[in-house]
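Novice:
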Amino acid sequence: MLVNVNRAVASALLTLLLLLGFAPASQAQLGISRPKGQQLLDGIIVKVDNQIVLRSEVELIYAQEVTRANGKPLPPDLKCKILQSLVLNKLMLARADVDSVTVEDKQVNGEVDRRMAYFAQQIGSEKRLEEQYGKSIKALKDDLRPQIKDQLTQQKMQETITGKVAVTPREVAQYFTRIPKDSLPYFSTEVEVGQIVIPAQVNDKAKQAAIAKLNDIRAQVLAGGDFATFAKANSEDPGSAKEGGYLGFFKRGELVPEYEAASMKLEPGQMSPVVQSQFGFHLIQFIERKGNTYSTRHILLKPETGSADVSASARLLTKLRRQILSDSITFAKAAKDNSTDKPSSTNGGLLANRADGGSRLPLDKLDPAIFFTIDTMKVGHITPPMAYRTDDGKDAMRILWLKSNTPPHQANLQDDYQKIAAAALNEKKTKALDEWFAKNRGTVYLEVEPEYAQCKVLDVAEK
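Here numbering that gives the first Met the number 0 is used: the first residue of the sequence shown is 0, the next is one more, and so on.
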């Protein structure tokens with residue numbers, strides 16, 4: 000399959016570009032030239048029960064593949080392969096409806112928040128993101144939410160099909176022996192890098208200032224002031240500030256627990272005391288209940304961290320570094336107990352290779368900030384604390400550890416077992432998916448527009 004279900008629709012950023020209408024700036028990112036204001040003609044090209052594939056989905060993924068090819072020739076049937084993969088994804092969604100495979104709203108909202116934070120970081124800020132697409136953060140999240148829900152449902156459905164698939168060492172060895180000697184991949188220099196991340200803490204002075212400001216606003220609203228007016232002037236939530244702090248309707252479990260708990264204690268028109276959550280400090284005004292949903296507006300203040308707070312993180316990291324180097328604690332233990340970067344902290348502090356799930360990373364694919372740091376490091380060395388910005392834009396400090404450095408080499412079972420095992424497992428999972436598709440493709444209604452009829456979109460299951 001050309002487009003893996005876990006990649007969703009090629010990438011998270013591509014999904015956002017699709018949802019936001021293929022804007023001129025998006026075209027530039029994809030290397031496409033199109034007159035300003037001219038939009039890609041869209042329409043439904045395939046129906047799979049109640050699921051649809053849009054022409055724009057195929058075109059955007061095709062454009063990305065063109066960019067990746069960097070001038071190299073592409074397969075003549077590339078668009079058909081893309082369409083086949085999208086249709087197979089839609090088939091899983093259609094069957095998920097039948098088999099009652101669902102994902103919780105809390106998981107969907109968490110993923111929407113995570114991706115939106117990533118998009119904002121990539122473009123510079125939430126404000127720039129809003130300016131780029133002419134929508135509030137809330138509106139962008141509302142646009143993104145259905146697609147994220149579909150992606151998570153596809154992933155869960157795929158897990159029900161392939162979750163129990165595994166490979167034995169014998170199968171891995173057999174897979175490796177089937178690879179022609181002249182086709183064995185050549186791996187560039189690879190490294191294993193660990194990190195411990197500790198964010199800066201907001202100091203008490205900044206916290207108290209935010210609380211005092213919100214309490215002052217609360218008093219003015221109680222004295223007759225308009226909550227929405229104060230929200231527009233003071234709230235640091237760019238998605239709702241311009242709407243007078245209005246968040247819209249949510250079900251229980253969709254907002255962070257602290258916010259929801261405070262909201263549920265209120266009657267329409269009432270205000271909460273100051274509430275703290277992971278996003279900052281809130282003043283909440285309850286609006287109304289409607290069925291199993293409720294609506295609120297809020298004013299959010301996010302106290303800034305200061306240099307003294309970063310210094311506190313650096314002092315803790317310096318202490319941990321000293322303990323690790325003196326062998327009084329392992330790097331893995333220090334990362335597990337102290338690092339706030341969950342993916343690495345649960346992996347012995349090691350950064351993971353997203354391609355195969357292993358810990359060895361191609362040197363030429365490293366984040367430049369890491370590459371230029373470890374380039375002159377010796378194996379086993381740990382850096383002093385360095386300034387760092389987390390994926391969600393928070394100030395932090397971190398230390399880096401160079402665990403290993405593997406020179407360039409041709410693939411072999413001893414050095415590259417994990418990569419080979421991942422490839423063997425992927426082949427076996429793909430076979431399981433193909434068998435599932437062959438079994439289930441006749442259980443859905445399929446309609447394909449004439450321009451794509453030659454693609455035989457479900458023939459991929461006939462290998």
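The beta carbon of each residue, even a glycine, is placed where N, CA and C say it ideally should be.
Being a predicted model, the structure only gives us computed values, none of them experimental.
1. Looking at the unbroken alpha helix (DSSP H) that takes in A218, where does it start and where does it end?
2. Assuming F186 contacts I419 (C-beta within less than 8 Å), just tell me the rounded distance between them.
3. How long is the line joining the alpha carbons of L350 and D366, rounded to whole angstroms?
4. Based on DSSP bridge pairs, tell me the residues matched to E53.
5. Going along the chain, which residues of its own chain have a beta-carbon closer than 6 Å to the beta-carbon of G133, five neighbours each way excluded?
6. Sorted by chain position, which residues of the same chain lie with C-beta nearer than 7 Å to E253's C-beta, five sequence neighbours on each side aside?
7. So what does DSSP say about R320, is it helix, strand or coil?
8. Going by other Cβ atoms of all chains shown within 10 Å of its Cβ, with 16 needed for buried, is Q38 buried or exposed?
9. Taking 8 Å as the limit between beta carbons, can you name the residues of its chain near K140, skipping five residues before and five after?
10. Roughly how many whole angstroms lie between the Cα atoms of P23 and K250?
11. Going by the CB atoms, is the gap between E450 and V45 shorter than 8 Å?
12. To the nearest angstrom, how far is it from the Cα of L401 to the Cα of I373?
13. Out of A205, E426, D363 and A95, state which residue places its alpha-carbon closest to the alpha-carbon of T442.
14. Can A205 and E303 be called in contact, C-beta distance under 8 Å?
15. Work out the CA separation of A334 and T345 for me, nearest whole Å.
16. Bridge partners for Y245 per DSSP, in chain order?
17. Could you check how far apart the C-beta atoms of S403 and V86 are, in whole angstroms? I think they sit under 8 Å.
18. Taking Cβ to Cβ, would you say A199 is nearer than 8 Å to D363?
19. Give the single residue among A261, Q121, P383 and I147 whose Cα lies nearest to the Cα of R314.
20. What is the residue span of the beta strand (DSSP E) that F278 lies within?
21. According to the neighbour-count rule (16 or more other Cβ atoms, all chains shown, within 10 Å of its Cβ), is L15 buried or exposed?
22. Please confirm whether R320 and I398 have their CB atoms less than 8 Å apart.
23. Roughly how many angstroms lie between the CA atoms of I31 and K377, to the nearest whole one?
24. DSSP state of P367, grouped into three classes?
25. Using beta-carbon positions only, say whether L432 and I160 come within less than 8 Å of one another.
26. 8 Å is my cut-off, CB to CB: does L300 come that close to chain B?
27. For V201, which residues in the same chain have their Cβ closer than 8 Å to its Cβ, ignoring the five residues on either side in sequence?
28. What residues match up with P198 in a beta bridge as DSSP calls it?
29. Using a 10 Å radius around the Cβ and a threshold of 16 neighbouring Cβ atoms, would you call V102 buried or exposed?
30. Which of the three DSSP states, helix, strand or coil, is assigned to T442?
31. Should M396 go down as buried or exposed, given a rule of 16 or more other Cβ atoms within 10 Å for buried?
32. At the level of alpha carbons, what is the spacing between D149 and S55?
Specialist: With the structure as the only source:
1. For A218, the uninterrupted alpha helix (DSSP H) segment begins and ends at D203 to L221.
2. In fact, because the Cβ distance is near 11 Å, the residues do not count as touching under 8 Å.
3. When rounded, the separation of the alpha-carbon atoms in L350 and D366 is 11 Å.
4. A small correction: the amino acid at residue 53 is Leu; Glu does not occupy that position in the sequence shown. Answer is I43, bridged to L53.
5. Contacts found: none.
6. Excluding positions up to five away in sequence, the list reads D104, K105 and N108.
7. In the structure shown, R320 falls within a helical segment according to DSSP collapsed to helix, strand and coil.
8. Per-residue confidence for Q38 stands at a pLDDT of 44, beneath the threshold of 50, marking its modelled position as unreliable; no derived number is given.
9. Taken in chain order, the residues that qualify are V111, D112, M115 and G238.
10. Residue confidence is low: P23 scores 30 on pLDDT, short of 50, so the model does not pin down where it sits. No coordinate-derived value is stated.
11. The answer is no: Cβ separation not under 8 Å.
12. Approximately 7 Å, taken between the alpha carbons.
13. When C-alpha distances from T442 are compared across A205, E426, D363 and A95, the shortest belongs to A95.
14. The answer is yes: Cβ separation under 8 Å.
15. Near 8 Å, if we compare the C-alpha coordinates of A334 and T345.
16. Beta-bridge annotation (DSSP): Y245 is paired with R296.
17. Incorrect: roughly 43 Å between the Cβ atoms, too far for contact.
18. No; because the gap between Cβ atoms is not below 8 Å, this pair is not in contact.
19. Closest option to R314, Cα to Cα, is P383.
20. Per DSSP, F278 belongs to no beta strand (DSSP E) and is neither H nor E.
21. Low confidence applies to L15: its pLDDT is 48, below 50, so where it sits in the model is not reliable, and the reading given next is rough at best. Flag for L15 reads buried.
22. Judged by beta-carbon spacing, I398 lies within the 8 Å limit of R320, meaning their Cβ atoms are closer than that value.
23. Reliability of the predicted coordinates at I31 is poor, the pLDDT of 30 falling under 50, and no value is obtained from them.
24. In the three-state reduction of the DSSP assignment, P367 falls in the helix class, which pools H, G and I.
25. Going by C-beta atoms, L432 is nearer than 8 Å to I160.
26. Among the chains of the structure shown, chain B does not appear; only one protein chain is present.
27. P302, E303, T304 and D308.
28. DSSP, once it has assigned bridges, lists A395 as partnering P198.
29. Answer is buried; the Cβ neighbour count reaches 16.
30. DSSP places T442 in helix when its eight states are reduced to three.
31. Per the 10 Å Cβ criterion, buried.
32. Their backbone Cα atoms lie some 17 Å apart in a straight line.
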